Amino acid sequence: MKAVLHQRRSMVLKLVTECTFTINLPDSLGRTVLHYAYLFMDDPEMIILLQRCGARTDLTDVCGRLPRDYSTLSCGVDEHRRLQREVLDADLDIYTYRTDFENSFRAAIKAADLPLVEHLIAGLSRHGDVARYSQFLFDCVDLCREDIAIFLLKSGFRTDIWRQNPLCINQIPVCASRECGHSMVSLKQRAVETGCTRVSKLINALTVDTVS
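Position in the sequence shown (first residue = 1) + 1221 = this note's numbering.
Listed below in structure tokens is the structure:
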């Protein structure tokens, strides 16, 4: 399933011919390799090959969906994208849990270890959307790790992120109810406050590119 998920055609071909006993094994939600093929590989030849190697077309997932129900033709573009995102998010969750990604990533930023950050992001990008972890950019600008922040921004981390004002204390009722008047702080604001001028300039440039 991983090979299909990441569209590694040559690996899929090797596995379906050498490990046919796995072809109908479901994931935790009842999806088989054929479900994944309809979802991630727009390749009629691959679908036919999987069926010839024993992939069953009558197996349903936990929601009662057949493999063909995962095709764009059957479920429509929006639902197809939603199903893809559901699978990719689950794959990313598994990867980050197994690798203790968040703790490793935070430690690498704190240590200003750019090579390790690059290694971690390379692994993360193979399993989903790296932008999910954009909030770590605040760690970078808080610690003035400009090289790391710039790398992350160029790798697809979002610029339009905000966080709670440090003056805001949730234990105080007026803050907890958001009636304190403390405004949220944007990434750009925080970069300016900490003197990360290269980061703020890059945010401006990326924002202009997005608008144009």
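Each residue gets a CB set at the ideal place from its N, CA and C atoms; glycine is no exception.
Values in this document were obtained by computation on a predicted structure and should not be read as measured data.
Contacts around residue i, its chain only, beta-carbon distance under 6 Å, and the 5 residues preceding and following it disregarded
i, result
"Leu1345", "Val1351"
"Thr1348", "According to the sequence shown, residue 1348 is His rather than Thr. The residues are Asp1312, Leu1313 and Tyr1316."
"Thr1253", "Asn1245, Pro1247 and Leu1280"
Presumed contact (8 Å Cβ cut-off) between residue i and residue j, rounded CB distance
i, j, result
"Phe1322", "Leu1341", "7 Å"
Nearest neighbour of residue i, chosen from the options [CA to CA]
i, options, result
"Leu1304", "Tyr1316, Tyr1291, Ile1315 and Ser1295", "Tyr1291"
"Arg1229", "Ile1244, Leu1408 and Ala1258", "Ala1258"
"Phe1359", "Val1429, Asn1324, Asp1310 and Lys1409", "Lys1409"
"Arg1277", "Asn1425, Arg1306, Ala1370 and Thr1243", "Thr1243"
"Met1405", "Phe1372, Arg1289, Trp1383 and Ala1426", "Trp1383"
"Val1429", "Thr1380, Asp1264, Gly1297 and Ser1325", "Thr1380"
Close-in-space but distant-in-sequence residues of the same chain around residue i (CB under 8 Å, 5 per side omitted)
i, result
"His1301", "Leu1260, Tyr1291, Ser1292 and Thr1293"
"Ser1376", "Ile1342, Ser1346 and Val1351"
Simplified DSSP assignment, three categories, for residue i
i, result
"Arg1384", "strand"
"Val1283", "coil"
"Ser1407", "strand"
"Lys1229", "Position check: residue 1229 holds Arg in this sequence, whereas Lys was assumed. Of the three classes helix, strand and coil, the one that applies to Arg1229 here is coil, per DSSP."
"Ile1244", "coil"
"Thr1253", "coil"
"Leu1260", "helix"
"Arg1273", "helix"
"Arg1379", "coil"
Nonlocal neighbours in the same chain, by C-beta distance under 7 Å from residue i, ignoring five residues either side
i, result
"Arg1366", "Ile1330 and Ala1333"
"Leu1335", "Asp1368, Ile1369 and Phe1372"
Quick check: the segment 1254-1271 against the segment 1224-1239, are there 3 or more CB pairs under 8 Å? yes
State whether the segment 1305-1321 contacts the segment 1278-1285, with contact taken as three or more CB pairs (one from each stretch) at a distance under 8 Å. no
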